[in-house]
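Worksheet: the structure to be examined is printed underneath.
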Amino acid sequence: MNTVEERYLGTVEMAEAPYMTAKTSVWWDIENCQIPRGFDAHGIAHNICSALMKMNYFSPVSIYAYGDVNGIPPTIQHALSSTGIVLNHVPAGVQDASDKKILVDMLFWAVDNPPPATFMLISGDRDFSNDLHQLRMRRYNILLARPQKGSPLLVHAARTLWLWTSLSAGESPLTQSGSSQLVANETTHPYSRRLVPSPVRQPNPNVDPPRPGPFPVRRPNPDPSGSSGNRIPNQAPNNSPNAARQCTCSRWPRCGNVFFDLPPENLFLTLFFCMLFLILIKLSGIRLTDWVVA
Numbered sequence: 058m059n060t061v062e063e064r065y066l067g068t069v070e071m072a073e074a075p076y077m078t079a080k081t082s083v084w085w086d087i088e089n090c091q092i093p094r095g096f097d098a099h100g101i102a103h104n105i106c107s108a109l110m111k112m113n114y115f116s117p118v119s120i121y122a123y124g125d126v127n128g129i130p131p132t133i134q135h136a137l138s139s140t141g142i143v144l145n146h147v148p149a150g151v152q153d154a155s156d157k158k159i160l161v162d163m164l165f166w167a168v169d170n171p172p173p174a175t176f177m178l179i180s181g182d183r184d185f186s187n188d189l190h191q192l193r194m195r196r197y198n199i200l201l202a203r204p205q206k207g208s209p210l211l212v213h214a215a216r217t218l219w220l221w222t223s224l225s226a227g228e229s230p231l232t233q234s235g236s237s238q239l240v241a242n243e244t245t246h247p248y249s250r251r252l253v254p255s256p257v258r259q260p261n262p263n264v265d266p267p268r269p270g271p272f273p274v275r276r277p278n279p280d281p282s283g284s285s286g287n288r289i290p291n292q293a294p295n296n297s298p299n300a301a302r303q304c305t306c307s308r309w310p311r312c313g314n315v316f317f318d319l320p321p322e323n324l325f326l327t328l329f330f331c332m333l334f335l336i337l338i339k340l341s342g343i344r345l346t347d348w349v350v351a
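Right, dumping it as structure tokens:
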């Protein structure tokens, strides 16, 4: 069992034995986690290493920072680089450019440093979530420092969680209960929204209910003479002298338009089966006239 530190009614897990002396890399998204206001930039690297040593990470630490250095005052740039932090300039004009640069460099670092090794990400962007999960599945140790508001998906991928203000000051990480409470309080969690049931729509008695199947709904014929009973519903009568005479036989009330009243897909299937039936008769050697007489 790992040594634990009591804090905030919870526990903090210390580094496991394989990772105590393994290589540790820190990947800092400056745009997402800026230097705290009024903080001395000379002490950030020292405080990060101090916080890791409190958790029994004793190996040398490499810190890589990414962002648009044009927005960082020269004095702060010098303070960071003089304390061992590698500054990587990423222009701010391209969306998510820093995130993509960090991901690429992290994967290259993983190729050169097989597990056991430790990744510490300083960011709150959810774009890193999938890659952190993949690295953890490959037996890398994942640590996370994030701002007060960030993606809860990153928390699930990390073994230990710091708030960025705490890590930059060299303080201890959140306890397990503190991490769970932080995720529970996230207002941006996609599953924290409650679904409001929509009102039930009442049926309209003046409108016919939908009828399954491709055929139109047949309505009662208001004409007692039955002269218009063979028309398709909602179709105007054709009173021209050249109109085709409708079949009035009682056995097949719509036989005159049986093919042309069908939807296109049903008409195609009907013609297909008719042709198939004729082909089978021809292959069987039976003449159609003999079959009809029989």
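So for the sequence shown, my numbering puts the first residue at 58; every next one is plus one. By construction, the Cβ of each residue, glycine as well, lies at the ideal position given by its N, Cα and C atoms. Please read these numbers as outputs of a predicted model, since none were measured by experiment.
For LYS206, count the other beta carbons within 10 Å of its own beta carbon; 16 or more makes it buried, fewer makes it exposed. Which is it? exposed
What are the boundary residues of the beta strand (DSSP E) that ASP86 is part of? 81 to 86
If you follow the alpha helix (DSSP H) that ARG193 is in, where does it begin and where does it stop? 186 to 194
Tell me, which residues are paired with ILE142 by DSSP? ILE120
Inter-residue Cα distance where the pair is ALA74 and ASN89: 32 angstroms
Excluding the five sequence neighbours on either side, which residues of its own chain have a C-beta within less than 8 angstroms of the C-beta of VAL143, listed in chain order? SER119, ILE120, TYR121, ALA122
Using the DSSP secondary-structure output, state which residues sit across from PHE330 in a beta bridge. The partner list for PHE330 (beta bridge, DSSP) is empty, contrary to what the question assumes.
Write down the C-beta distance between SER229 and ALA108 rounded to the nearest angstrom, noting that I regard them as a contact closer than 8 angstroms. 7 angstroms
Using a threshold of 8 angstroms, state whether the C-beta atoms of ARG195 and PRO172 are closer than that. yes
Quick one: measure Cβ to Cβ for ILE199 and PHE176, integer angstroms, because I've assumed they're closer than 8 angstroms. 6 angstroms
Over the uninterrupted beta strand (DSSP E) stretch that includes ALA202, give me the two end residues. 198 to 203
What are the boundary residues of the alpha helix (DSSP H) that LEU224 is part of? 221 to 225
For a test of the three-state rule: what should DSSP assign to ILE179, helix, strand or coil? strand
Selection from GLY150, LEU178, ALA79, PHE115 that minimises the alpha carbon distance to ILE87: LEU178
Mind checking THR305: buried by the 16 CB within 10 Å criterion, or exposed? The predicted model places THR305 with a pLDDT of 47, which falls under 50 and marks its position as unreliable; any figure quoted below should be read in that light. THR305 comes out exposed.
Where do the N-terminal and C-terminal ends of the alpha helix (DSSP H) with GLN233 fall, by residue? 233 to 241
Drop a sphere of 10 angstroms on the beta-carbon of THR81, count the other beta-carbons inside from all chains shown, and report buried for 16 or more, exposed for fewer. buried
Apply the 10 Å Cβ neighbour rule to CYS106 and answer buried if 16 or more other Cβ atoms are within range, or exposed otherwise. buried
Same chain only: Cβ atoms within 7 angstroms of ALA72, ignoring 5 sequence neighbours per side: MET112, ASN113, TYR114
Only counting the same chain, and skipping five residues up and downstream in sequence, which positions put a Cβ closer than 6 angstroms to that of ARG183? SER208, LEU210
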